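Some notes on the structure that comes next.
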Amino acid sequence: RLLFPGFLSTGDTVIPGNNGLKDQLLALKWVQKNIEHFGGDKTKVTIFGQSAGSASVTYQLMSEKSKGLFRAAIAQSGSILCPWAFQRDYRQIAYKLSIALDPTFSPSASSQKLLELLQSKSAKEINDAGLSLMSKTDFDNQMVQGFQFTPVIEPNHDDAFITKKMYDALINGDMQRVPLIIGICSEEMIINALDLKAFKQTASSLDSDLSLLVNNNMHVSDKTKKLEVGGNIKKIYTNNSFINGIGYAVQFYSDQSFAIPIIHHAKKQSLFSDVYFYQFSYYGAIQGPRPYMEGAYKVGHSDDEMYVWAFLNNSNLDSNPKSDVLTSDRFRTLFTNFAKTLNPVSDKTELLGINSWPKVTPNEFQYLDMNETFTIKKDLKKRVYDAWINIYEKDAIKPYDTF
Numbered sequence: 014r015l016l017f018p019g020f021l022s023t024g025d026t027v028i029p030g031n032n033g034l035k036d037q038l039l040a041l042k043w044v045q046k047n048i049e050h051f052g053g054d055k056t057k058v059t060i061f062g063q064s065a066g067s068a069s070v071t072y073q074l075m076s077e078k079s080k081g082l083f084r085a086a087i088a089q090s091g092s093i094l095c096p097w098a099f100q101r102d103y104r105q106i107a108y109k110l111s112i113a114l115d116p117t118f119s120p121s122a123s124s125q126k127l128l129e130l131l132q133s134k135s136a137k138e139i140n141d142a143g144l145s146l147m148s149k150t151d152f153d154n155q156m157v158q159g160f161q162f163t164p165v166i167e168p169n170h171d172d173a174f175i176t177k178k179m180y181d182a183l184i185n186g187d188m189q190r191v192p193l194i195i196g197i198c199s200e201e202m203i204i205n206a207l208d209l210k211a212f213k214q215t216a217s218s219l220d221s222d223l224s225l226l227v228n229n230n231m232h233v234s235d236k237t238k239k240l241e242v243g244g245n246i247k248k249i250y251t252n253n254s255f256i257n258g259i260g261y262a263v264q265f266y267s268d269q270s271f272a273i274p275i276i277h278h279a280k281k282q283s284l285f286s287d288v289y290f291y292q293f294s295y296y297g298a299i300q301g302p303r304p305y306m307e308g309a310y311k312v313g314h315s316d317d318e319m320y321v322w323a324f325l326n327n328s329n330l331d332s333n334p335k336s337d338v339l340t341s342d343r344f345r346t347l348f349t350n351f352a353k354t355l356n357p358v359s360d361k362t363e364l365l366g367i368n369s370w371p372k373v374t375p376n377e378f379q380y381l382d383m384n385e386t387f388t389i390k391k392d393l394k395k396r397v398y399d400a401w402i403n404i405y406e407k408d409a410i411k412p413y414d415t416f
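Per my numbering, residue 14 is the first one in the sequence shown, and the count goes up by one each step.
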């Protein structure tokens, strides 16, 4: 279940939330019971997902409920630490939805009354009200502050999926300590700038109100301080306006929403399990034409999926650029090697063009750059990452939920 059916929460046991994650858990239990009938081995399950699916994978890593249901994980462009993948104001959102359904509904009504209101409405009525509620908040702002219907911390009860702060659990190793492949595309949010007119409005808003650059996880409440912190974040990318450097606004959103939290996740988890990190940088024919923007790369969110799932002309493979076919073959080989052996380069190293993929360690961040050639590099986005760490250490207030 997605959106409101999957993640609506009143913050108590009336509607505790996280139904979508619990549905995934049920599916994993089904696999354990039934996969042998399809020729599978229940002791060799690898879970993987992309974007919200990737964040879901990392939530499954963190829940005690999922223990023993898989032995490895692949997370493409998403993490529990991504600010869009967690919601703090879930109860307020639940009441806003109820008032959208019935303007006479009292904000002080009980959770039970809220549930009864929802039960009196059709699925279409709830869906329409929820979509209307979501449309009132700018998409790019939700990428910074959190989508409205996403995972929440539940109260303690028998069926709870999450009852602890994910950031603390991660840094303390309170998780399924299984091997992990995790990574990003080189410019995740370039896709949002393809509608250039709309994105220019977003960039102009950032210039007008620097507090929009500061995500809720930093817990900076003072308006003057928030403007100061926003100004320091902006300086990581440009000393000029975002409206006159759209590519730098793209880079801010890519880093804040994906790259920085995902790199941070990899570093923290590497203390407790094997972690392989990649950056997908290959720009091929499948992705189609994209404009050049100074400060931004062209490879955006979900571009890697096109090669994992071979979005090629499969009826005539010879019509595809050889580099597209090769990139797809390499990507899928890494994942299937990992699922079979827990080593992504255990087989077909000649095809891959590499003999090893070094793991991330607490002291050395090596990663696989997937471009026309696959190359081992180190210290991805080090300058930007270090700048974000410095701002968090100087200005943010713990405890963190995301990063």
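For every residue, glycine included, the Cβ atom is placed at its ideal position computed from N, Cα and C. These numbers were taken from a predicted model, which means no experiment stands behind them.
* Taking only runs of the alpha helix (DSSP H) that begin and end inside the stretch 51-85, which ones reach a length of at least 4 residues, in chain order? -> 65-75
* **With 16 other Cβ atoms within 10 Å as the buried cut-off, status of Gln282** => What you label residue 282 is simply residue 269 of the sequence shown in a count that begins at 1. Per the 10 Å Cβ criterion, buried.
* 8 Å Cβ shell around Ala323 - same chain, five flanking residues per side excluded -> Residue numbering aside, residue 323 sits at position 310 when the sequence shown is read from its first letter. Ser341, Arg345, listed in sequence order.
* Asked: Quick one: is Leu393 buried, meaning 16 or more other Cβ sit within 10 Å of its Cβ, or exposed?
  -> What you label residue 393 is simply residue 380 of the sequence shown in a count that begins at 1. Per the 10 Å Cβ criterion, buried.
* Asked: Does DSSP put Asp115 in a helix, in a strand, or in coil?
  -> Indexing the sequence shown from 1 puts residue 115 at position 102. It is coil, neither helix nor strand.
* **Beta-carbon spacing of Phe118, Ile87 below 8 Å** => Residue numbering aside, residue 118 sits at position 105 when the sequence shown is read from its first letter. Residue numbering aside, residue 87 sits at position 74 when the sequence shown is read from its first letter. Not closer than 8 Å, so no.
* Using 8 Å as the Cβ pair cut-off and three pairs as the minimum, do the stretch 366-386 and the stretch 268-285 touch? -> yes
* To do: State the Cα-Cα distance for the pair Ala272 and Met188, rounded to the nearest angstrom.
  => If you number the sequence shown from 1, residue 272 lands on position 259. If you number the sequence shown from 1, residue 188 lands on position 175. The straight-line gap from Cα to Cα measures roughly 22 Å.
* Asked: Met306 by DSSP, collapsed to three states: which one?
  -> Here the question's residue 306 lines up with position 293 in the sequence shown. In this structure, Met306 counts as coil in the three-state DSSP scheme.
* Asked: Would Ile460 be called buried (16 or more neighbouring beta carbons within 10 Å of its own) or exposed?
  -> Residue coverage of the chain in this structure runs from 14 to 416, which leaves residue 460 outside it and unanswerable.
* Compute the beta-carbon to beta-carbon distance between Glu201 and Ser90, rounded to the nearest angstrom, for a pair I have assumed lies under 8 Å. => For the purposes of this step, residue 201 is taken as the residue at position 188 of the sequence shown. For the purposes of this step, residue 90 is taken as the residue at position 77 of the sequence shown. About 6 Å; that satisfies the 8 Å criterion.
* To do: Please work out which residues of its chain come closer than 6 Å, Cβ to Cβ, to Gln264, disregarding the five sequence neighbours upstream and downstream, and give them in chain order.
  => Counting from one through the sequence shown, the residue named residue 264 turns up at place 251. Once the five neighbours on either side are set aside, the close Cβ partners of Gln264 are Tyr250, Gly308, Ala309.
* Could you name the residues of the same chain whose beta carbon sits closer than 7 Å to that of Gln125, not counting the 5 residues immediately before and after it, in chain order? => Residue mapping note: residue 125 aligns to position 112 of the sequence shown, counting from 1. Within the same chain, Gln125 has close Cβ partners Val27.
* To do: Name the two residues that bound the continuous beta strand (DSSP E) containing Asp382.
  => The sequence position of residue 382 within the sequence shown is 369, counting from 1. Per DSSP, the unbroken beta strand (DSSP E) holding Asp382 starts and ends at 379-383.
* Alpha-carbon to alpha-carbon, Arg84 and Thr59 -> The count along the sequence shown starts at 1 and reaches residue 59 at position 46. The count along the sequence shown starts at 1 and reaches residue 84 at position 71. Their backbone Cα atoms lie some 6 Å apart in a straight line.
* Based on Cα-Cα distance, which residue from Val358, Ala113, Tyr413 lies nearest to Pro371? -> Mapped onto the sequence shown, residue 371 falls at position 358. Among Val358, Ala113, Tyr413, the Cα nearest to that of Pro371 is on Val358.
* Asked: Using the C-alpha atoms, what's the distance from Ala211 back to Ala113?
  -> Start at 1 with the first residue of the sequence shown, and residue 113 comes out as number 100. Start at 1 with the first residue of the sequence shown, and residue 211 comes out as number 198. Those two C-alpha atoms are separated by around 27 Å.
* Since I believe Leu131 is in contact with Asp115 (beta carbons under 8 Å), could you give me their beta-carbon distance rounded to a whole number of angstroms? => By 1-based counting over the sequence shown, the position of residue 115 is 102. By 1-based counting over the sequence shown, the position of residue 131 is 118. In fact, because the Cβ distance is near 10 Å, the residues do not count as touching under 8 Å.
* Distance between Arg190 and Leu74 (C-alpha atoms, nearest Å) -> Within the sequence shown, numbered from 1, the residue matching residue 74 stands at position 61. Within the sequence shown, numbered from 1, the residue matching residue 190 stands at position 177. Rounded to the nearest angstrom, the two C-alpha atoms are 8 Å apart.
* Asked: Thinking C-alpha only, which one of Ser224, Ile259, Tyr72 is nearest Phe193?
  -> To locate residue 193, count along the sequence shown from 1; it is residue 180. Phe is not the amino acid found at residue 193; the sequence shown has Leu there. Nearest option by C-alpha distance: Tyr72.
* Might you give, ordered along the chain, the residues of its own chain that have their beta carbon closer than 6 Å to the beta carbon of Ser67, omitting 5 neighbours on each side? => Mapped onto the sequence shown, residue 67 falls at position 54. Contacts found: Ala88, Gln89, Ser90, Gly91.
* With a cut-off of 8 Å on the beta carbons, I'd call Arg104 and Thr23 a contact; round off their distance for me. => The residue given as residue 104 occupies position 91 in the sequence shown. The residue given as residue 23 occupies position 10 in the sequence shown. 6 Å between Cβ atoms; contact.
* To do: Could you tell me the boundaries of the beta strand (DSSP E) in which Thr388 lies?
  => By one-based count along the sequence shown, residue 388 stands at place 375. Where Thr388 is concerned, the enclosing beta strand (DSSP E) stretches over 387-391.
* Please confirm if the stretch 254-264 is in contact with the stretch 214-233, defined as three or more CB-CB distances below 8 Å between the two stretches. => The stretch 254-264 is in contact with the stretch 214-233.
* With 16 other CB atoms within 10 Å as the buried threshold, where does Thr415 fall? -> By one-based count along the sequence shown, residue 415 stands at place 402. Its Cβ being crowded by 16 or more others within 10 Å, Thr415 is buried.
* Take Lys149 as the anchor and find which of Leu128, Lys177, Lys109 has the nearest alpha-carbon. => As a first step, residue 149 is located in the sequence shown; it is residue number 136 there, counting from the start. Out of Leu128, Lys177, Lys109, Lys109 has the C-alpha closest to the C-alpha of Lys149.
* DSSP state of Ala88 mapped onto helix, strand, coil -> As a first step, residue 88 is located in the sequence shown; it is residue number 75 there, counting from the start. In this structure, Ala88 counts as strand in the three-state DSSP scheme.
* Asked: If you draw a straight line from the alpha carbon of Ser369 to that of Ser133, how long is it in whole angstroms?
  -> As a working mapping, residue 369 is identified with position 356 in the sequence shown. As a working mapping, residue 133 is identified with position 120 in the sequence shown. Roughly 58 Å between the two C-alpha positions.
* Which same chain residues, not among the five before or five after Phe160, have their C-beta less than 6 Å away from its C-beta? -> Here residue 160 corresponds to residue number 147 of the sequence shown, with the count starting at 1. Contacts found: Trp97.
* Asked: Gly325 by DSSP, collapsed to three states: which one?
  -> Counted from its first residue, the sequence shown places residue 325 at position 312. The question names Gly, but residue 325 is Leu in the sequence shown. In the three-state DSSP reduction, Leu325 falls in the coil class, being neither helix nor strand.
* **Proximity winner among Ile139, Ala142, Gly260, Leu94, relative to Asn205 (alpha-carbon distances)** => By 1-based counting over the sequence shown, the position of residue 205 is 192. When only C-alpha atoms are compared, the closest one is Gly260.
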